[in-house]
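Residue numbers (my numbering): 10 to 115.
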Amino acid sequence: MRELREYFAGKRTRFTVPVQLEGTPFQERAWATMRKIPYGRTMSYAEQATAMRAPRAVRAVGSANGANPVPIIVPCHRVVASNGGLGGYALGLAMKRWLLAHESRA
């Protein structure tokens, strides 16, 4: 919780809290890839799929991101549509928009 408070206060750009994520092997790869996206940066679903060496699995990437059990800590809000749109977000698009704006102010 301390790290989340620091994040929202603009004092933390990376989480160190250990998390044990359990999903399919594909989901776990997707979540690991998202954790590598730097604070304040974004990656498209297609770029994420390519980074995972599964360039044709863009929809599967979106599904895996939607199953992320710890949004913000595993920053699925940093994955956006290739056309510049927000794409989806389990916590709602208003929250995704806010998180991206929050990180861009740093």
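Note that beta-carbon positions come from the ideal geometry of N, C-alpha and C, so glycine has one too. On a predicted model such as this, the values are computed, not experimentally measured, just so you know.
Spatial distance of A69 from G19 (CA atoms)
32 Å
Compute the Euclidean distance between the alpha carbons of A76 and M10, then round it to the nearest angstrom.
21 Å
Reducing DSSP to helix, strand and coil, say where S91 ends up.
coil
Whole-Å CB distance - T33 paired with M61, under 8 Å assumed:
Not a contact, Cβ separation roughly 13 Å.
Could you round the C-beta distance between P80 and A99 to whole angstroms and report it? I think they count as a contact, below 8 Å.
6 Å
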